[in-house]
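Here the structure comes first, spelled out in structure tokens, and everything after it is commentary.
Here's what the structure looks like:
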């Protein structure tokens, strides 16, 4: 597990643009740029060690929509670890993304509907698979967060503890994009109970959140941030330097 979490800038793709949503609502978006490749370059310049890409249209449609944009970012920064989620439902999609240069593929909805798919993916693409667990009040949501299931986030995490999953991206939907602070308790609890390294997501607002998460470097591998770095309430370089101390 990671002793020093890495700050991971999020680039959420909707209709070819870089946006941020509030609580996953597609109709409640803020457009930050119509050039996602340039946005990636900005975060790389500021010291990003990994990027988090989300195909929002793909998450709702169930098929990749932004392959060309994703490929352009991967081509521009071939040595940078990039993780992507949204619309990953087939082995062919995973293979195409990895071939294009992505390091990690995040399986979300499919992990709930077909857990065996995750196990198979881990066998075929060892070391490249992350499970995305998006939760509302502790219950897993799927299909771009449109459907809340009766599956507990901790139970889903436990299911993949020995499947070969690299880590889990855990998002508290209620806090995502709301600038209300990260849910430290649930994030750490998921890591402890699930037995896998967790990448925290949702609600990261400023350095206070980074300070709250730092003590749990034994189980928190990364911290995804979106709106905070776009709106300037968190400085990427400062946050990473603090975690590296």
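Residue numbers (the numbering used here): 42 to 286. A virtual CB, placed ideally from N, CA and C, is assigned to each residue, including glycine. On a predicted model such as this, the values are computed, not experimentally measured, just so you know.
At a cut-off of 7 Å, is residue i close to the ligand HEM when judged by its beta-carbon and the heavy atoms of the ligand?
| i | result |
| --- | --- |
| residue 227 | In terms of ligand content, the structure shown is empty, and the ligand HEM therefore cannot be addressed. |
DSSP beta-bridge partners for residue i?
| i | result |
| --- | --- |
| residue 54 | 59, 96 |
| residue 193 | 180 |
| residue 251 | Answer is none; residue 251 lacks a bridge partner. |
| residue 147 | 126, 171 |
| residue 66 | 63 |
| residue 212 | 175, 242 |
Cutting at 6 Å between CB atoms, please list the residues of its own chain near residue i, excluding the five before and the five after it.
| i | result |
| --- | --- |
| residue 104 | 128 |
| residue 93 | 49, 51, 124, 265 |
Given this structure, state the Cα-to-Cα distance separating residue i from residue j, to the nearest angstrom.
| i | j | result |
| --- | --- | --- |
| residue 167 | residue 136 | 12 Å |
| residue 270 | residue 244 | 12 Å |
| residue 192 | residue 201 | 14 Å |
| residue 207 | residue 272 | 30 Å |
| residue 252 | residue 106 | 36 Å |
| residue 113 | residue 138 | 12 Å |
| residue 226 | residue 254 | 10 Å |
| residue 199 | residue 157 | 14 Å |
| residue 74 | residue 115 | 18 Å |
Taking 7 Å as the limit between beta carbons, can you name the residues of its chain near residue i, skipping five residues before and five after?
| i | result |
| --- | --- |
| residue 162 | 132, 135, 148, 170 |
| residue 285 | 45 |
How is residue i classed by DSSP in three states: helix, strand or coil?
| i | result |
| --- | --- |
| residue 73 | strand |
| residue 262 | strand |
| residue 237 | coil |
| residue 224 | coil |
Within a Cβ cutoff of 8 Å, which residues of the same chain sit near residue i, ignoring the five residues on either side of it in sequence?
| i | result |
| --- | --- |
| residue 76 | 59 |
| residue 98 | 54, 55, 56, 106, 107, 127, 128 |
- Task: Take every Cβ of the stretch 183-197, pair it with every Cβ of the stretch 151-162, and state whether three or more of those distances are shorter than 8 Å.
- Result: Flag = yes, the stretch 183-197 and the stretch 151-162 touch.
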